[in-house]
Amino acid sequence: MAHKVRLFNRHWHLPQSKPIRIGLGILLIVGGLVGFLPVLGFWMIPLGLLVLSVDLPIVRRWRRQLTVWWHRRKSETGEAPAAKNASDETVN
1074 MAHKVRLFNR HWHLPQSKPI RIGLGILLIV GGLVGFLPVL GFWMIPLGLL
1124 VLSVDLPIVR RWRRQLTVWW HRRKSETGEA PAAKNASDET VN
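What follows is the structure in structure tokens.
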């Protein structure tokens, strides 16, 4: 089974070897911790956690909780004005 990660509606293929995926995730996080250096950046920390979430259940749980929170927040801000407008139209 090919492991893929979806980020911004794009699919990225990961290495098939579990130790290589874990090592890649750890390297991305460590590289992100020194994000003040050129080329390396703080963007590497969430990317490393995303790679680790394929193999580590605790990181997968955090990623899923973040995804659920994000979609709930997005739907609350996006649907509230539409629901208000719909109720205003029924009153008139």
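Using the numbering used here, you'd call the opening residue of the sequence shown number 1074 and step up by one each time.
In this text, a Cβ means the ideal position worked out from N, Cα and C, and glycines have one as well.
Secondary structure note for V1078: its beta strand (DSSP E) is the uninterrupted segment K1077 to L1080. H1144 is not bridged by DSSP to any residue. If you ignore the 5 residues before and after L1123, its C-beta comes within less than 6 Å of the C-beta of V1078, all in its own chain and listed in chain order. Shortest Cα-Cα distance from W1085 to any of V1107, G1108, H1076 and H1144 involves H1076. In this structure I1099 does not touch G1114 by the C-beta definition: roughly 17 Å separates them, more than the 8 Å allowed. G1104 counts as buried, since no fewer than 16 other beta carbons sit within 10 angstroms of its beta carbon. For the 8 Å CB-CB criterion, V1132 and L1139 do not form a contact. CA-CA distance, F1109 to D1128, rounds to 28 Å. Assignment of W1116 by DSSP, reduced to helix, strand and coil, places it in the coil class.
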